[in-house]
Every structure is written in structure tokens, then in C-alpha cells.
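In the working numbering, each residue carries its 1-based index in the sequence shown increased by 68. Note that beta-carbon positions come from the ideal geometry of N, C-alpha and C, so glycine has one too.
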Amino acid sequence: MMSLRAVGGALSAVLLLAAGALTFMAAEGVEPPTAAPVALGTVHNVPAGVTRIACAPTPLIAEGAVAYDPEFNPVPATSSATLVAASVPRGDDGAGPAAIATSPAGEPTALWGTAALVGSADPGAEAAVVVAEPLEGVAPLAAAAGIWRSDAGDLRSLTALPCSVALAEQWLVGGATEVGSSAALTITNPGATPVTVTVSGWGPLGPVDLPMLSGLVIAPYASETYLLEASDSTLERLALRVQSAGGAVGASLLETRLDGLTPLGTATVAPSAPPGTALVVPAVSLTDVPEDAGESGLQSFVRVLNPGTAPATLTLTLLTAEGEVGIAGATDVTVDPGAVFDIAIDGLPAGDHSVAVVSDQPVVAAAHLVRHASDGGADRAWSGAATPSSLMTVAVPGLGAQADAATLVVANPSAEEVAVRVTPYGADGAAGEVREVSVPARASIGVVVEGAPVALQVESDEPVAAALLLRAGIAEGELVAILPATPDAATAHAVTVTVREG
């Protein structure tokens, strides 16, 4: 059986067959280009290596995970899931070869297609992995994502299964471990060497002790899941930093809530943008609470972590289709050093918006969204702050199956209008009609995804932030999930070189 260990060897052969005449360098790197004169203060691309993407597993609650009602059933009666991956063309250079496996050590299946290279799989309890090769020394435009749906039972929800590029540091803003909540952290090592991982945590009052999450050793091509309530079962607000040594990892946090036997949704926390003083949280989708909605006790809010040693004073604004508007009670908010703080956004105008966060100290942020159900339950979703980019790839899983509708929410954090071009790619890899939209300054718009594409390429004149909002209807109300866009990885391989005389 072939596994992802074959990357650079046998996997390269699989990818070559799938991609036709495409050729690429060995998986562990490429030969440097011929040296050329260096200009002062110019940006130069460093040849990229393999891009490894790790996906969140499907929702399953381990036995004894949390003190739920004894009648709680951690396995849904019925559920379905879809995982898709794509490597889209970079201009006229084509798409970088890639493969997908349903577990870190699983057998890879090469992506294929006419323009983009695409593929799908049935996700499971293990983390899926996508490996994409550079094309002529440039990182591929690759992305993957999954969606899981259960219409009834204790895990009733539409749950995003985000996939993120493996990194040495990741921030997860979201979750809780108090009674009725479970937070399961999944860490995936998609590489060929063991990695040592340390998880730092923060709660409402500051840093929290997570003794069982320090010095974790993750074997090559392996994934491990850890229950945070085993370290601290009292946290009503939570944020994490996952750091690895010896290699890059993928990380995600599955949060499950239950009120007795009433489901309050499962939601996956994907990595947020690193600490910054100007953040954008896309796809903050707000609705008017239906008159027949039950009382779940849940709120929509923006969660902010101040990981520094000085108080942070910050202001939140809502980016709507018409422009930027203030949020009552969200101006000059002080967040103590090390604290995790929630700022309510219920009662704001309904719509698919985004939120801008401006702070005098670096902070990390994410939004928590709620859909109330008529039986008193709810579904929820988390959307993390995104790194703006002028070139992104968005995987679109399960549209027309698990999801009834999808909207690409694009936020423009700049002071000028930005033109955005969205290219859909179908299940055969063929490109669809390009849609061009304009996003006003300091605004956010929703682009309804038409048809059933498996991927979108998002290009813009200036950097924007984006996320995919997925919806599904059930008798009790609406289910919701959010998937982040994947920025162009080539920007991570660019360095500025300045030559000084003397």
C-alpha cells in the first residue's frame, strides 16, 4: 500500500501520471535558480517546497469526554460528509500536482482535471491530508475543505471541516470546557519526522495551565486528539496557541455543546490570523431571531485574546455592503493582558457582514455565530480573523448535498474600492465563467455561489479577506458552517533583500 510517505518518490510518480506532462522537483525541495544580480530593497521569491495541508476530522465525541447527560449519544443516528481538494492554475503556468489521503498515513489519490486538479474523499474520524507540489519552484494554489451534516440527534449541526496549511505556530480562538461543553484539539503531523508540540492556553482571567498538553510528541504521518476538559473543565472562554518543533503541524478544535438533551451544535475552530493591531473577521453572518425560535441562551459575539503583557484598547466596527458602521458598546474596549474577552454582536442588522478590529496592542480574534432552533436548540459556527491576500483558493464541499446554499463573503479592509474576480472550477476541473464584483472601501459583500463548483479562485487588485458561508435548512431552523479561504502560499516564500554599502 502506498502512503503519504511516498511524497518525493512514489507519490511523485502518481502525481506525474495524474497531471499528464507536468513535472516537478523532489518533494523535500528544489534546486535553487541561477544567481542573478540583486537590486536594493527588492522582493525575491524563494523556491517553495511541498505544501502540506491538514484537515479537521468529522465530529465524534470520545467516551467519557465530558459530563453530559447519561443518555447523550456521541454517535449520530444519520450523518453524511464530503471532503474536496483542488489545485488551481496560477496564470498560464498550470496547476501544481497534488494528492489527497483520508488519513496522514493513508493511500493517496492524485487530483486530476482539465484546468484545475480536483478530487474528493469521504472524511472520517482521522484527519485527512493533502500534499501539493510546487510548479517551477512556486508554491501551488491549493486548498481543501470538508463539510459534515446531521439533521437530528445530539450532534445535530452543519459542521465545517476546515483544512489548513501545516505551520510551526497556529492560533485557535474559540471553544469552552465548562459543563455542557467539550473541546477536542486535533493535531496532525503530515511530515516524515516526529514533532514536539506545546499548547498554550488562555481563559477569561489570563493564561491557564494545560499540564497534559506540553511536550507532546506526534509521530510522522500521525494525528492525535486531546480533550481540553481533561486539563481544565471550568473555562467559559478559551483561546490556544499551538507551537511545534521539528516540523510543521495542522491544528483544529472541535467544540460541542449540549443543554441536557437539547443539541446546541458542533463547530470547528480553524486557525486565526496571528496577533495584529488591524484584523478582519470575514463572514460574520447575522440574522433576525425567528419569532418561533426557542431560547438556547447562546449569543453571537466576537472573541478577542490579548496575549501580551500590556492592556489592549480596541474598537470593533461592522463592515457591511454599504460600508463601515459602528457597533454599540464596542468602542475603546479594554482587554486585560492575557485575557480572553467576548463582545456581543446580537441585535446588529441582519446580513452577511465582516468585522474589523483595530487595537493598540497585538490581539487575536474570531467570531462566534448562532442560529436558534424552534425546539430551543441551536447551531453554531466560528470564523477566525483572516490574513488578507490578493490571490486565494476556496474549496467548496458538499454544495447541493450537505449544504443547500453557499456564499463567498469578501471583506475589503482598505480605504479604496477593490475589484475582485471569482473563477469557479467544477468537478472535472474545468473553469466556469469569471464573475467580477467591486467591494467598496471598508465594506463587505456576499457573492452567491452558483451551480456546484468544488473550488473558487479569488483574485483582487488589493488584498482582501474572504470566507465561505454554508447553509442548510431543517424543520427546526437553519444550520450554518464557515470555511476559511486559503491565501496564496507563495507570499510566505518571498523575502525582501536590502543591500547596504559600507
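Per-residue DSSP class, three states only, for residue i
i, result
"Leu281", "helix"
"Leu321", "strand"
"Glu297", "helix"
"Thr261", "coil"
"Ala351", "strand"
"Thr455", "coil"
"Thr559", "helix"
"Asp327", "strand"
"Gly365", "coil"
"Arg510", "coil"
"Pro138", "At Pro138 the pLDDT is 45, less than 50, meaning the model places this residue with poor confidence and gives no usable figure here."
"Glu390", "coil"
"Arg224", "coil"
"Asp410", "strand"
"Ser268", "strand"
"Ile286", "strand"
"Val401", "strand"
"Ala378", "coil"
"Phe92", "Note that Phe92 scores 31 on pLDDT, short of 50, meaning its location in the model is unreliable; the coordinates nonetheless yield the value given after this. Phe92: coil per DSSP, three-state reduction."
"Pro172", "coil"
Residue span of the beta strand (DSSP E) that contains residue i, given as start and end
i, result
"Leu253", "249-257"
"Gln525", "523-542"
"Ser424", "Looking at the sequence itself, residue 424 is Ala, so the reference to Ser does not match. 419-440 is the extent of the beta strand (DSSP E) around Ala424."
"Leu373", "369-373"
"Arg158", "Arg158 -> no beta strand (DSSP E), and no H or E assigned at all."
"Glu546", "545-552"
"Gly445", "Per DSSP, Gly445 belongs to no beta strand (DSSP E) and is neither H nor E."
"Val276", "274-276"
"Val488", "486-493"
"Thr475", "473-480"
"Ser19", "Summary: the structure shown does not reach residue 19, with the chain confined to residues 69 through 570, and so no result is reported for it."
"Ala167", "166-169"
"Thr182", "Here Thr182 belongs to no beta strand (DSSP E), and DSSP marks it neither H nor E."
"Ala520", "Run containing Ala520: none; DSSP gives neither H nor E here."
"Ser218", "209-218"
"Thr146", "Looking at the DSSP string, Thr146 is not in any beta strand (DSSP E), and its letter there is neither H nor E."
"Ile121", "119-123"
"Ala200", "197-200"
"Glu237", "237-241"
Inter-residue CB distance, residue i and residue j (contact presumed, cutoff 8 Å)
i, j, result
"Ala407", "Leu273", "7 Å"
"Ala122", "Val197", "6 Å"
"Ala498", "Thr182", "5 Å"
"Ala154", "Leu185", "7 Å"
"Ala195", "Thr254", "6 Å"
"Ser422", "Pro350", "5 Å"
"Ala124", "Leu322", "7 Å"
"Val502", "Val488", "The Cβ separation is near 10 Å, so there is no contact."
"Thr455", "Leu537", "No, Thr455 and Leu537 are not in contact; Cβ-Cβ is about 18 Å, not under 8 Å."
"Ala389", "Ser512", "7 Å"
"Val372", "Leu382", "7 Å"
"Thr266", "Ser282", "5 Å"
Environment of residue i [buried if 16+ CB atoms lie within 10 Å]
i, result
"Thr126", "buried"
"Ser259", "Checking the displayed sequence, the identity of residue 259 turns out to be Gly instead of Ser. Gly259 is buried by the Cβ-count criterion."
"Pro279", "exposed"
"Thr302", "exposed"
"Ala433", "buried"
"Val356", "Checking the displayed sequence, the identity of residue 356 turns out to be Asp instead of Val. Looking at its Cβ environment, which holds fewer than 16 other Cβ atoms inside 10 Å, Asp356 is exposed."
"Ser368", "buried"
"Pro379", "exposed"
"Thr227", "buried"
"Leu329", "exposed"
"Pro339", "buried"
"Pro191", "buried"
"Ala252", "buried"
"Asp277", "exposed"
"Pro552", "buried"
"Thr146", "exposed"
"Asp556", "buried"
"Thr324", "buried"
Test: residue i CB closer than 9 Å to a CB of chain C
i, result
"Ser225", "The structure shown contains no chain C; it holds only a single protein chain."
Would you check if the segment 175-193 and the segment 534-547 touch, i.e. whether three or more CB-CB distances between them fall below 8 Å? no
Under 8 Å, with one C-beta from each stretch per pair, do the segment 514-527 and the segment 483-501 reach the 3-pair mark? yes
Cβ pair count under 8 Å reaching 3, the segment 221-233 against the segment 262-271: no
Okay, do the segment 308-316 and the segment 235-249 touch, 3+ Cβ pairs below 8 Å being the bar? yes
Validate contact between the segment 284-297 and the segment 214-229 using beta carbons, cut 8 Å, 3 pairs: no
Mind the definition here: the segment 398-412 touches the segment 459-467 only if three or more C-beta pairs lie below 8 Å; say whether that holds. no
For the structure I just gave you, are there three or more beta carbon pairs, one from the segment 421-440 and one from the segment 344-360, closer than 8 Å? yes
Report yes or no: do the segment 325-339 and the segment 444-452 share at least 3 C-beta pairs separated by less than 8 Å? yes
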